[in-house]
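In the numbering used here, the protein residues as written are 1 to 1342. Working notes, structure below.
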């Protein structure tokens, strides 16, 4: 074999240390290099596509143009190490450590309670750190911008932003510290329990205790790199990898020579386009050319008629350049620049804007491009260069469509882009609509430009360009030509819309779907442009002028305003501890998460951060590409021949049981869904394993039926378990006696867990007795242990599962990790070597399933005064291809359907449908968030029919006195009513309802909505045995205490709370105590950490263990009351008193008899209420969350900071379920939404502008530990207050437009759903396709 040509040395710095890589591989990313080569595991792998920000680091480079050092944040998962020549990289480990010195950013995010699971925290820290390196006292706008590319699934963002705000110059936060009065403490009468402010706290941390930010302490830019930058080597650098060669020329001349020699080689700067394509499509380019060292490509030239920007400038630099031009030039010259700036603010996240180049954006020609449509209408010119010389081509539709005559020649490169100034009487606007406001690809983007004849409204020139409505950016030339010479008035608008819909046509099957929505946006955007131009004309033309332009009605003016991006403000209220409580007793105090500081420094170790062990192998799973098929053959031969491949694990290798009969670990003979695991490749590296799976050839024969939707399952009678049913009263009789009956449908889409840390497991076989050590990210290590035991056919006592911490779970790590653990264990036993299995985000989303989509039908009978007398609900959930938790979800859904309402005559029925989709599983709320949406939709329908407000119907039908639920469990609704009244009061609901109505009367195209939702959430599993818990507490002879218990740290702070309990019971500071990990060897036979009761039951067990120990120590303490803790422990050891105790809690009693339809299935309820106000844009479907107030009954919170964090985090996750999170499946059952690009969880800009959370004071429950309650899941459903506020706003629009309500509710309320519900002249004019005439791009599965 010939040895590869020698590479140059790659020189760069990481955290101030020089790195010389002699064999740099162009396919290795900075993230891989940091984690594997340098063992810097603080930088996390979460999506691999630059979409989540978990791998954010700072790069510093010397900028040859400005001669300054540039610091910018980037996502390490996209950056090839070869692009870092001469750069300095700073990771989270480089800025501070708990062992040396914390950086103020790290300290503040932790002490502000901005970390929960902590997986996203290093990325958040580095985004903020980079901001502070550039702006010592940033504005709030800059802070929001810096964090816009970072996702968090746990916290709800508010505390993260709060920590960043402490650095801001014009902090618009709460004025309480200065004036003593909170700006948000509005209204409220004196009978309100929350207004007894003496025992109410609003501070979760003390800002004065933070260390100051000292810029002189930061790492300097390495002098060696500065010397290299100032005397740059002009030689070409070459780095040879196994498959790819990276060539980085030092001069423009060399670059042009290389491009002529390798015309097919792409130029790579940010790798934000090529990187994801190489990852998802496996595309490999043998040669990559890097123009990073060519300063000519970053030049900016300003002339009297325009601006030339180098193609190598990053989009962030372009933004700064344009902002400077806008501030310097008169407004009439900067129309195009303003339009570009508008889109640059919301295009991707800050890290991507820092990496992506202007040239790359233009040349990539993405159909959804935000900038290209504006550059087209702005008459931008592309300056090309090659060895032959220079030439200019217009940036127009022909170029963007890739027509050879209008394109670059293979040997040419793009040197710069010329954007001309605009002129007087020229108007340029930009529009975009995406699934959410920031960091989301546009559904439709548009650039529009018109030049009018001077001092008239006659169209002289018109240019309209659209992205997202075709394979390329599309211009509407014919329409524009036909409108030239027309006056800018209403008849022109009508004609323009008609012409546009003919020219910009989109077939019904178009990729990306949302076809009718996109057609509507094409004309809605033009209408917005029409209004904008009229408004500008008014400014230009004096009132005295004789020319009369069409008037814009005042009601239409709000259509001109985009929703601003504002950082959330808010107050968090909780009851302070009793003044008599010992200062040493931490219970009830806002104690920081035990791992908070380690999260912030990257020193918290997650499963995949564990160093590689000797001879470790990497496993990758092979999944089915068919939804229902017989496996004819599996050919492994090619895969096994590849270098590094050790083995392929199939069902035949399993020594014990292969899962359950209808739920196999590895498929045998038949596959039931796309994404079902068939086999697994084991190789020396992850790269080798991933290459091998492409070589495995599986032949299938399709089987019938193939079922994806709930409707299809009902037709085929395809169900996973028997119907679940509850009934009370006489429903048929009641329906006969009511004044009115309404029937409706509710469709709730599924939801992906999107835990930041994907599923991962390490299995280490030991040398003797078939023992295994398993390190796994799970909520239920005992289940992993049992599954591995049965799979390998070895006793449970040989298997130890370790869980240090989990990077988010939300139910998705209850059952699934056992599957991955068992498959990895088979690989470990077969090869005799340790196995590491880490799922890519795409595979995780494809394989693991999520929240059950739901279809519900209701029939509700009521009196004209709004009193509901009868309610009949039938629900169907999409369970996927195996049972999993679907039966329990159906049961819980039915048990919880009544929510807060006492209705005498009820019938609830539920079925779990079997379909050919990956099996759906447990998810936070466990059926409640989907099911209760039906109940609340009934309330809204009744209100509409009675002509009353929804809140009046809710109040009229709520439980009022001690009563029994539909399943005959007694409870008192007193706390529920208190939450409701507090929420009405604290949110000033009634006065704001009037303000909303006033706003809606004055505005046609924008509407506000407000909703208040009550909640009765039942906590726990409906079985006593699932409520048991155990703990083991050791006291060592130095007095230190080790606590272990059966709960798993998922980010919910269970370990923190357990030490608070132990501290109180042992009357000892928390500093004496430690929790190492959760292990099946220390606490056996544990129950999953789920159902909101982890802290409840494990707290009882820890309490029991501590009480046993204290009782043993009692005689010693009595004998020496003045002694220290250490004295007592020493004496106990001398007297041979055991200093180790097992604590045990037998569990809350819980049972349910489905035959009788009665029982006490839940230990207790959590009550709450939420009020949300939104504003919608009827033309685009976008919405803005104005304010949310939550009142939650936590009784006596163990830790108000953690509990408020749980409420906020679950609320934001619920809000995502009901507004932006949409799973799309192909007609063949393939999940399209498999990463943050396609699946949009809420970002920092989605948090309500005002976000207030109050824990209800003076509330008690005798059942639980210290009268606390479990709040892990309950806030999820309160996110529906945003959904119903949107529904309220849509109803206001429909009422004004005389649209009859159809009582079909669809969640999530995406921009598409909202826009199409607000029917108007534009939705009426779009062409509609007959669904029978084409195959849709995606299918609705609910």
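A virtual CB, placed ideally from N, CA and C, is assigned to each residue, including glycine.
Per DSSP, the bridge partner or partners of residue i
i, result
"residue 575", "200"
"residue 1080", "Answer by DSSP bridge pairing: none, since residue 1080 is not bridged."
"residue 62", "69"
"residue 240", "245"
"residue 1171", "1012, 1189"
"residue 631", "700"
"residue 17", "14"
"residue 710", "Beta-bridge pairing links residue 710 to no other residue."
"residue 663", "660"
"residue 385", "390, 413"
"residue 1195", "1268"
Nearest to residue i (by Cα), restricted to the options the options
i, options, result
"residue 698", "481, 1287, 623", "623"
"residue 234", "291, 283, 208, 272", "291"
"residue 470", "340, 435, 519, 479", "519"
"residue 242", "665, 864, 643", "643"
"residue 612", "833, 1246, 271", "833"
"residue 907", "925, 857, 867, 883", "857"
"residue 659", "450, 820, 293, 423", "820"
"residue 166", "1094, 143, 1199", "143"
"residue 1240", "1310, 1285, 1279, 1275", "1310"
"residue 560", "31, 541, 534, 573", "534"
"residue 855", "709, 803, 800", "709"
"residue 44", "65, 152, 86, 312", "152"
"residue 501", "946, 1332, 1324", "1324"
"residue 942", "1244, 823, 1301", "1301"
"residue 836", "791, 621, 864, 97", "621"
"residue 1191", "1211, 1179, 1180", "1211"
"residue 931", "793, 1016, 862, 1322", "1016"
8 Å Cβ shell around residue i - same chain, five flanking residues per side excluded
i, result
"residue 723", "909, 910, 911"
"residue 206", "none"
"residue 867", "956, 957"
Contact set for residue i: own chain, Cβ-Cβ below 7 Å, skip 5 residues either direction
i, result
"residue 888", "none"
"residue 141", "none"
"residue 1343", "No answer is possible for residue 1343: it lies beyond the span of the chain, which begins at 1 and ends at 1342."
"residue 1013", "936, 1169, 1170, 1278, 1280, 1281, 1284"
Cβ neighbours of residue i in the same chain (closer than 6 Å, five flanking residues each side left out)
i, result
"residue 721", "887, 912"
"residue 1126", "1039"
"residue 1031", "1045, 1101, 1102, 1105, 1143"
"residue 105", "125, 128, 129"
"residue 316", "353, 354"
"residue 962", "972"
Any chain B beta carbon closer than 8 Å to residue i
i, result
"residue 332", "In the structure shown, chain B cannot be found, because there is only a single protein chain."
Just to confirm the assignment: which complete alpha helix (DSSP H) runs, minimum length 4, are found wholly within the region 1248–1325?
Taking only runs of at least 4 residues, the alpha helix (DSSP H) segments lying wholly in the region 1248–1325 are 1275–1278, 1280–1296, 1311–1317, 1321–1325.
Unbroken alpha helix (DSSP H) runs of length 4 or more, entirely within the region 792–858: which are they?
You should have 816–831, 841–847.
Mind pulling the alpha helix (DSSP H) runs of 4 or more residues that sit fully within the region 463–495?
477–483, all fully within the region 463–495.
Mind listing, in chain order, the continuous alpha helix (DSSP H) runs of no fewer than 4 residues lying wholly within the region 74–159?
Annotation: the region 74–159 contains the following complete segments of the alpha helix (DSSP H) (minimum length 4 residues), in chain order: 92–95, 104–111, 121–134, 140–147.
Hey, which unbroken runs of the alpha helix (DSSP H) at 4 residues or more fall wholly within the region 340–381?
As summarised for the region 340–381, the continuous alpha helix (DSSP H) elements at least 4 residues long and confined to that stretch are 350–355, 358–364, 372–377, given in chain order.
What are the uninterrupted segments assigned as beta strand (DSSP E) that are 3 or more residues long and contained completely in the region 392–458, given in chain order?
Within the region 392–458, the runs of beta strand (DSSP E) that reach at least 3 residues and sit entirely inside it are, in chain order, 413–420, 426–434, 442–452.
For a minimum of 3 consecutive residues, which ranges assigned as the beta strand (DSSP E) are wholly contained in the region 861–928?
With a minimum length of 3 residues, the continuous beta strand (DSSP E) runs that stay inside the region 861–928 are 868–878, 905–913.
Quick test of the definition: if touching needs 3 or more C-beta pairs under 8 Å, does the region 806–826 touch the region 772–783?
Between the region 806–826 and the region 772–783, the count of Cβ pairs shorter than 8 Å is three or higher; the stretches touch.
How do the region 641–657 and the region 680–687 stand: do at least 3 beta-carbon pairs fall below 8 Å, yes or no?
Yes, the region 641–657 touches the region 680–687.
Contact between the region 89–96 and the region 585–605 is defined here as three or more beta-carbon pairs at a separation below 8 Å; is this criterion met?
Here the region 89–96 lies against the region 585–605, with 3 or more beta-carbon pairs under 8 Å apart.
Would you call the region 1315–1323 and the region 1250–1257 touching, i.e. three or more CB-CB distances under 8 Å?
Touching, no, given that fewer than three Cβ pairs across the two stretches are closer than 8 Å.
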